[in-house]
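Undergrad:
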Amino acid sequence: MGFKLLFISLLMATSSLEEGEKLFLDNQPQQALPALEAALYEEPQNERIYLYLGIIYAQLGDAERSLQIMRRGLNVAREYLDRLYYNIANLHFRQGEYRLAEEMYGKALEANRRFGEGYLNRAQARMELEAYADARTDYIQYLRLVPDSPQRPEIEKLIALLEQALAAAELKRQQELAQQQALLNAVLDSLKNASEDTRNLSAGSEEIEEEYEEIDITE
Numbered sequence: 056m057g058f059k060l061l062f063i064s065l066l067m068a069t070s071s072l073e074e075g076e077k078l079f080l081d082n083q084p085q086q087a088l089p090a091l092e093a094a095l096y097e098e099p100q101n102e103r104i105y106l107y108l109g110i111i112y113a114q115l116g117d118a119e120r121s122l123q124i125m126r127r128g129l130n131v132a133r134e135y136l137d138r139l140y141y142n143i144a145n146l147h148f149r150q151g152e153y154r155l156a157e158e159m160y161g162k163a164l165e166a167n168r169r170f171g172e173g174y175l176n177r178a179q180a181r182m183e184l185e186a187y188a189d190a191r192t193d194y195i196q197y198l199r200l201v202p203d204s205p206q207r208p209e210i211e212k213l214i215a216l217l218e219q220a221l222a223a224a225e226l227k228r229q230q231e232l233a234q235q236q237a238l239l240n241a242v243l244d245s246l247k248n249a250s251e252d253t254r255n256l257s258a259g260s261e262e263i264e265e266e267y268e269e270i271d272i273t274e
């Protein structure tokens, strides 16, 4: 009797996952949701279910629930760790939380250094943060990993524009530094001249004092 109950329980869990996965892959998130929630209850260590549910909640417009379930998935994830971090980052990006998005894309890339989409999307987050030098680096790395990307022409144009903007910014910075140095030198020269004038006056007083010392005052 115990064996039969155990067999039925395992069959139901497998069926819930298979049913939910099939509906999910058929782009039926609303129908897949109850089956995958049941599957998660039966298999809380199955990282794939957290990934599916996170995507479904996002598709259904519940970003907060999506973030919660995928963060839970991070505790058990191994194979899909990069994808979980990547999807969490995408949600933060959609919400305009670019700093958090950048951080989560970074976590995804720590888990998988060859994750091309991670570099591409982190570059986009860094563009929003105006971290243009870092964005350029990520775009270049993305093209190295995905050389046949259909977005390659646009990304190459963007890289070229970034290089021009960075070069212009560096030139402006150097000019401003040169101006600041010129002002500093002018102030230092002014102070130096003032100090020399002060020393000259002091020397004159000493000479006057010496002249008085040389005069004999007789009564």
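Final position of the sequence shown in my numbering is 274; the numbers increase by one with none missing. All residues carry an ideal CB built from backbone N, CA and C; glycine is no exception.
Taking the alpha helix (DSSP H) that Q114 belongs to, which residues open and close that run?
TA: Taken as a continuous stretch (DSSP letters only), the alpha helix (DSSP H) holding Q114 covers E102 to Q114.
Undergrad: Let me confirm a value: R177 is counted as buried when at least 16 other C-beta atoms fall within 10 Å, else exposed. Which label applies?
TA: Answer is buried; the Cβ neighbour count reaches 16.
Undergrad: Would you kindly check if the distance between the Cβ of A163 and the Cβ of Y135 is under 8 Å?
TA: Not closer than 8 Å, so no.
Undergrad: Quick one: using the 10 Å Cβ neighbour count with 16 as the cut-off for buried, is R281 buried or exposed?
TA: The first residue shown for the chain is 56 and the last is 274, placing residue 281 beyond what the model contains.
Undergrad: Entirely within the region 163-227 and at least 3 residues each: give me those beta strand (DSSP E) ranges in chain order.
TA: Entirely contained in the region 163-227, not one beta strand (DSSP E) run reaches 3 residues.
Undergrad: With H, G and I counted as helix, E and B as strand and the rest as coil, what does DSSP make of G151?
TA: Coil.
Undergrad: Kindly confirm or deny that the region 198-205 and the region 219-236 touch, where touching means at least three C-beta pairs closer than 8 Å.
TA: Touching, no, given that fewer than three Cβ pairs across the two stretches are closer than 8 Å.
Undergrad: How is the alpha helix (DSSP H) around Y135 delimited, first residue to last?
TA: Unbroken run through Y135: none, as it is neither H nor E.
Undergrad: So is A180 buried or exposed if we call it buried at 16+ other beta carbons inside 10 Å?
TA: Buried, since its Cβ has 16 or more Cβ neighbours within 10 Å.
Undergrad: Contact defined as beta carbons within less than 8 Å: I believe Y112 pairs with R120. What is the distance between those atoms, to the nearest angstrom?
TA: Correct: roughly 4 Å between the Cβ atoms.
Undergrad: Tell me which residues share the same chain as A90 and place their Cβ nearer than 7 Å to its Cβ, disregarding the 5 neighbours each side in the sequence.
TA: Once the five neighbours on either side are set aside, the close Cβ partners of A90 are S71, E74, G75 and L78.
Undergrad: How close, in whole Å, do the beta carbons of L146 and A118 come, if the pair is a contact with beta carbons under 8 Å?
TA: 5 Å between Cβ atoms; contact.
Undergrad: Can you tell me which of the three DSSP states P99 falls into?
TA: It is coil, neither helix nor strand.
Undergrad: Sort Q86, I110, R127 and D189 by Cα distance to N101 and report the nearest one.
TA: The shortest Cα separation from N101 among Q86, I110, R127 and D189 belongs to R127.
Undergrad: From what residue to what residue does the alpha helix (DSSP H) around Q83 run?
TA: Note, Q83: premise wrong, no alpha helix (DSSP H); not H, not E.
Undergrad: Thinking R199 and E218 are a contact (beta carbons under 8 Å), I'd like their distance in whole angstroms, please.
TA: R199 to E218, Cβ: 16 Å. No contact.
Undergrad: Indicate the three-state DSSP secondary structure (helix, strand or coil) for I272 in the structure shown.
TA: Unreliable positioning characterises I272 in this predicted model, as indicated by a pLDDT of 42, which lies under 50. A coordinate reading is not provided.
Undergrad: Could you have a look at D117 and say whether DSSP puts it in helix, strand or coil?
TA: Correct three-state label for D117: coil.
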